[in-house]
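One structure is given here, and the rest of the page talks about it.
Numbering (this note's numbering), first residue to last: 67 to 289.
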(Lines of atoms letter the chains of each structure in order from A and count residues from 1; the text may use other names and numbers.)
(Lines give C-alpha, C1' and ligand atoms only; values in the text may rest on other atoms or scores of the structure.)
Protein backbone atom coordinates (compact mmCIF):
# COMPACT_ATOMS: atom_id res chain seq x y z
CA UNK A 1 0.00 0.00 0.00
CA UNK A 2 2.81 2.37 0.90
CA UNK A 3 4.54 1.75 -2.45
CA UNK A 4 1.25 2.24 -4.35
CA UNK A 5 0.55 5.47 -2.44
CA UNK A 6 4.04 6.73 -3.24
CA UNK A 7 3.58 6.02 -6.96
CA UNK A 8 0.21 7.78 -7.00
CA UNK A 9 1.67 10.77 -5.16
CA UNK A 10 4.57 10.98 -7.62
CA UNK A 11 2.17 10.78 -10.56
CA UNK A 12 0.08 13.58 -9.09
CA UNK A 13 3.15 15.78 -8.65
CA UNK A 14 4.29 15.21 -12.24
CA UNK A 15 0.79 15.91 -13.53
CA UNK A 16 0.66 19.16 -11.58
CA UNK A 17 4.05 20.22 -12.96
CA UNK A 18 2.92 19.42 -16.50
CA UNK A 19 -0.21 21.55 -16.09
CA UNK A 20 1.90 24.47 -14.84
CA UNK A 21 4.70 24.22 -17.37
CA UNK A 22 2.88 23.51 -20.63
CA UNK A 23 1.04 26.85 -20.86
CA UNK A 24 4.20 28.75 -19.94
CA UNK A 25 6.27 27.10 -22.66
CA UNK A 26 3.61 26.19 -25.18
CA UNK A 27 2.06 29.67 -25.44
CA UNK A 28 5.15 31.33 -26.85
CA UNK A 29 6.12 28.30 -28.91
CA UNK A 30 2.72 28.11 -30.57
CA UNK A 31 2.68 31.81 -31.32
CA UNK A 32 6.23 31.76 -32.69
CA UNK A 33 6.58 35.47 -31.90
CA UNK A 34 9.68 37.33 -30.71
CA UNK A 35 9.65 38.85 -27.23
CA UNK A 36 8.27 42.36 -26.95
CA UNK A 37 11.31 43.89 -25.17
CA UNK A 38 13.62 42.48 -27.85
CA UNK A 39 11.48 44.03 -30.59
CA UNK A 40 11.53 47.42 -28.86
CA UNK A 41 15.32 47.38 -28.63
CA UNK A 42 15.56 46.49 -32.30
CA UNK A 43 13.09 49.25 -33.17
CA UNK A 44 15.02 51.88 -31.20
CA UNK A 45 18.23 50.94 -33.02
CA UNK A 46 16.49 50.92 -36.40
CA UNK A 47 14.90 54.33 -35.84
CA UNK A 48 18.22 55.86 -34.78
CA UNK A 49 19.61 54.97 -38.21
CA UNK A 50 16.73 56.50 -40.23
CA UNK A 51 17.74 59.37 -42.53
CA UNK A 52 14.30 60.57 -43.68
CA UNK A 53 10.68 59.64 -43.13
CA UNK A 54 7.17 60.77 -44.01
CA UNK A 55 4.68 61.15 -41.16
CA UNK A 56 1.06 61.85 -40.32
CA UNK A 57 -0.51 62.59 -36.94
CA UNK A 58 -4.28 62.32 -36.61
CA UNK A 59 -6.55 62.79 -33.60
CA UNK A 60 -9.80 60.90 -33.12
CA UNK A 61 -12.42 62.23 -30.73
CA UNK A 62 -11.35 65.14 -28.54
CA UNK A 63 -8.14 64.25 -26.74
CA UNK A 64 -6.48 67.06 -24.76
CA UNK A 65 -3.57 67.66 -27.13
CA UNK A 66 -2.72 70.82 -29.02
CA UNK A 67 -1.75 69.15 -32.32
CA UNK A 68 -4.91 68.06 -34.12
CA UNK A 69 -3.35 67.07 -37.44
CA UNK A 70 0.12 67.13 -38.94
CA UNK A 71 1.81 65.65 -41.97
CA UNK A 72 5.06 66.10 -43.79
CA UNK A 73 8.65 64.93 -44.20
CA UNK A 74 11.41 64.81 -41.60
CA UNK A 75 15.17 64.33 -41.68
CA UNK A 76 17.59 62.94 -39.11
CA UNK A 77 19.24 66.36 -38.86
CA UNK A 78 15.98 67.89 -37.64
CA UNK A 79 14.91 69.63 -40.85
CA UNK A 80 11.23 69.28 -41.72
CA UNK A 81 8.45 70.49 -43.97
CA UNK A 82 4.71 69.96 -44.03
CA UNK A 83 1.39 71.22 -42.72
CA UNK A 84 0.00 71.49 -39.22
CA UNK A 85 -3.28 72.12 -37.42
CA UNK A 86 -2.59 73.25 -33.88
CA UNK A 87 -4.68 74.70 -31.06
CA UNK A 88 -3.03 77.91 -29.85
CA UNK A 89 -4.79 79.46 -26.86
CA UNK A 90 -8.16 78.02 -27.92
CA UNK A 91 -7.84 78.98 -31.58
CA UNK A 92 -7.22 76.31 -34.23
CA UNK A 93 -4.44 77.48 -36.55
CA UNK A 94 -3.58 75.89 -39.89
CA UNK A 95 0.05 76.40 -40.81
CA UNK A 96 2.53 75.40 -43.48
CA UNK A 97 6.04 75.00 -42.07
CA UNK A 98 9.62 74.64 -43.28
CA UNK A 99 12.37 73.99 -40.73
CA UNK A 100 15.96 74.36 -41.94
CA UNK A 101 18.74 74.50 -39.39
CA UNK A 102 17.90 77.10 -36.74
CA UNK A 103 15.42 78.91 -38.98
CA UNK A 104 11.68 78.24 -38.94
CA UNK A 105 9.46 79.46 -41.77
CA UNK A 106 5.69 79.31 -41.38
CA UNK A 107 2.55 80.77 -42.88
CA UNK A 108 -1.19 80.60 -42.43
CA UNK A 109 -3.92 80.17 -45.06
CA UNK A 110 -3.29 83.72 -46.30
CA UNK A 111 -0.19 85.88 -46.55
CA UNK A 112 3.43 84.93 -47.00
CA UNK A 113 5.95 83.10 -44.87
CA UNK A 114 7.03 84.52 -41.55
CA UNK A 115 10.10 83.52 -39.60
CA UNK A 116 11.00 82.54 -36.06
CA UNK A 117 13.87 80.73 -34.36
CA UNK A 118 13.92 77.06 -33.47
CA UNK A 119 13.99 78.06 -29.80
CA UNK A 120 10.79 80.07 -30.24
CA UNK A 121 9.19 77.17 -32.09
CA UNK A 122 10.04 74.73 -29.29
CA UNK A 123 7.76 76.69 -26.97
CA UNK A 124 4.84 75.85 -29.30
CA UNK A 125 5.61 72.60 -31.15
CA UNK A 126 8.61 71.25 -33.02
CA UNK A 127 7.45 68.65 -35.62
CA UNK A 128 11.01 67.37 -36.08
CA UNK A 129 10.77 65.76 -32.61
CA UNK A 130 8.56 63.07 -34.16
CA UNK A 131 11.68 61.51 -35.69
CA UNK A 132 14.48 62.70 -33.42
CA UNK A 133 12.63 61.63 -30.25
CA UNK A 134 11.51 58.16 -31.35
CA UNK A 135 14.67 56.16 -30.48
CA UNK A 136 14.48 57.33 -26.85
CA UNK A 137 10.72 56.72 -26.73
CA UNK A 138 11.05 53.14 -27.96
CA UNK A 139 14.12 52.24 -25.90
CA UNK A 140 12.41 53.52 -22.75
CA UNK A 141 9.15 51.65 -23.37
CA UNK A 142 8.00 49.12 -20.76
CA UNK A 143 5.53 46.22 -20.50
CA UNK A 144 6.03 45.33 -24.18
CA UNK A 145 4.36 42.09 -25.30
CA UNK A 146 4.01 40.82 -28.86
CA UNK A 147 0.39 40.01 -29.75
CA UNK A 148 0.55 39.06 -33.40
CA UNK A 149 1.36 40.04 -36.97
CA UNK A 150 -0.76 42.44 -39.04
CA UNK A 151 -0.34 44.33 -42.29
CA UNK A 152 0.15 48.09 -42.12
CA UNK A 153 -0.09 49.73 -45.55
CA UNK A 154 0.77 46.37 -47.12
CA UNK A 155 3.76 45.67 -44.87
CA UNK A 156 3.81 42.84 -42.33
CA UNK A 157 4.30 44.22 -38.84
CA UNK A 158 4.39 42.97 -35.26
CA UNK A 159 1.61 44.42 -33.09
CA UNK A 160 3.07 45.25 -29.66
CA UNK A 161 1.05 46.76 -26.78
CA UNK A 162 3.43 48.85 -24.68
CA UNK A 163 3.64 51.56 -22.03
CA UNK A 164 5.25 54.77 -23.28
CA UNK A 165 6.88 57.59 -21.31
CA UNK A 166 4.85 60.76 -20.82
CA UNK A 167 7.99 62.89 -20.68
CA UNK A 168 9.14 61.86 -24.14
CA UNK A 169 5.67 61.58 -25.69
CA UNK A 170 4.86 65.16 -24.70
CA UNK A 171 7.75 66.37 -26.88
CA UNK A 172 6.34 64.50 -29.86
CA UNK A 173 2.72 65.43 -29.17
CA UNK A 174 2.25 68.37 -26.74
CA UNK A 175 -0.53 68.02 -24.20
CA UNK A 176 0.00 64.38 -23.24
CA UNK A 177 0.04 64.56 -19.45
CA UNK A 178 0.65 60.95 -18.44
CA UNK A 179 2.24 57.71 -19.56
CA UNK A 180 0.21 55.97 -22.26
CA UNK A 181 -0.69 52.30 -22.61
CA UNK A 182 -0.65 52.26 -26.38
CA UNK A 183 0.11 49.94 -29.27
CA UNK A 184 2.94 50.10 -31.78
CA UNK A 185 3.36 48.26 -35.06
CA UNK A 186 6.94 47.40 -36.02
CA UNK A 187 8.05 46.37 -39.50
CA UNK A 188 8.67 42.63 -39.32
CA UNK A 189 11.69 42.82 -41.63
CA UNK A 190 13.43 46.04 -40.53
CA UNK A 191 12.14 46.74 -37.02
CA UNK A 192 11.13 50.27 -38.01
CA UNK A 193 8.07 51.86 -36.46
CA UNK A 194 5.10 51.98 -38.84
CA UNK A 195 2.28 53.08 -36.56
CA UNK A 196 1.45 54.18 -33.01
CA UNK A 197 -2.04 54.12 -31.49
CA UNK A 198 -2.21 56.24 -28.33
CA UNK A 199 -5.50 56.10 -26.37
CA UNK A 200 -6.05 59.27 -24.32
CA UNK A 201 -8.85 60.74 -22.25
CA UNK A 202 -11.51 61.92 -24.71
CA UNK A 203 -10.09 60.14 -27.75
CA UNK A 204 -6.76 59.06 -29.17
CA UNK A 205 -3.81 60.04 -31.35
CA UNK A 206 -2.63 57.91 -34.27
CA UNK A 207 0.84 58.36 -35.77
CA UNK A 208 1.79 56.75 -39.09
CA UNK A 209 5.29 56.64 -40.59
CA UNK A 210 6.20 55.74 -44.17
CA UNK A 211 8.59 56.45 -47.08
CA UNK A 212 11.66 55.60 -45.04
CA UNK A 213 14.93 57.05 -46.39
CA UNK A 214 13.21 58.40 -49.50
CA UNK A 215 14.98 61.39 -51.10
CA UNK A 216 13.78 64.61 -49.43
CA UNK A 217 14.82 68.16 -50.28
CA UNK A 218 14.07 70.81 -47.67
CA UNK A 219 15.03 74.38 -48.52
CA UNK A 220 13.97 77.76 -47.16
CA UNK A 221 10.95 79.09 -49.07
CA UNK A 222 11.51 81.84 -51.61
CA UNK A 223 10.31 85.18 -50.23
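For each residue, glycine too, the CB sits at the ideal point set by N, CA and C. No experiment lies behind these values; they were computed from the predicted model shown.
query = Can you name, in chain order, every residue of its own chain whose Cβ lies under 7 Å from the Cβ of residue 234, other than the five neighbours on each side?
reply = Correct list, in chain order: 199, 202, 203 and 206.
key: Alpha-carbon to alpha-carbon, residue 159 and residue 125   = Rounded to whole angstroms, residue 125 to residue 159 spans 15 Å at the Cα level.
request  = With distances taken Cα to Cα, identify the nearest neighbour of residue 151 among 274, 263, 211 and 122.
outcome  = For the options 274, 263, 211 and 122, the alpha carbon positioned closest to that of residue 151 is the one of 122.
request  = Report the option in 177, 118 and 131 whose CA atom is closest to the CA atom of residue 276.
outcome  = 118
ask   = If we count Cβ pairs, one from each stretch, closer than 8 Å, do we get three or more for the stretch 221 to 236 versus the stretch 250 to 262?
value = yes
request  = Report the three-state DSSP secondary structure of residue 263 (helix, strand or coil).
outcome  = strand
key: Member of 211, 274 and 183 whose CA lies at the smallest distance from the CA of residue 99   = 211
query = Pick from 262, 220, 215 and 222: whose alpha carbon is nearest that of residue 238?
reply = For residue 238, the nearest C-alpha among the options comes from 262.
inquiry  = So, with DSSP's three-state summary, where would you put residue 177?
reply    = coil
key: Buried or exposed by the 16-neighbour rule on C-beta atoms within 10 Å, applied to residue 104   = Exposed is the call here.
ask   = For the putative contact between residue 167 and residue 270, defined by C-beta atoms under 8 Å, what is the C-beta separation to the nearest angstrom?
value = Not quite, the Cβ-Cβ distance comes to about 34 Å (not below 8 Å), so this is no contact.
message = For residue 259 and residue 143, I'd like the C-alpha separation in whole angstroms.
response = Rounded to whole angstroms, residue 259 to residue 143 spans 18 Å at the Cα level.
key: Secondary structure of residue 123, DSSP reduced to three states   = strand
query = Going by other Cβ atoms of all chains shown within 10 Å of its Cβ, with 16 needed for buried, is residue 84 buried or exposed?
reply = Bear in mind that a pLDDT of 34 at residue 84, under 50, signals an unreliable position, so the number given afterwards is only what the model happens to contain. Label assigned to residue 84: exposed.
key: Nearest to residue 197 (by Cα), restricted to the options 244, 173, 219 and 110   = That would be 110, whose Cα lies nearest to the Cα of residue 197.
query = For residue 102, which of helix, strand or coil comes out of DSSP?
reply = In the structure shown, the three-state DSSP call for residue 102 is helix.
Beta-carbon proximity check, residue 139 vs residue 147, cutoff 8 Å = yes
ask   = Just to confirm, are residue 161 and residue 176 a CB contact at a threshold of 8 Å?
value = no
ask   = How big is the Cα-Cα spacing for residue 192 and residue 155?
value = 17 Å
query = Below 8 Å between beta carbons: does that hold for residue 246 and residue 265?
reply = yes
ask   = When DSSP labels each residue in this structure, what does residue 271 get in the three-state scheme?
value = strand
ask   = Which of the three DSSP states, helix, strand or coil, is assigned to residue 233?
value = helix
ask   = Measuring CB to CB, does residue 164 end up less than 8 Å from residue 182?
value = Taking C-beta atoms as the reference points, residue 164 and residue 182 fail to come closer than 8 Å.
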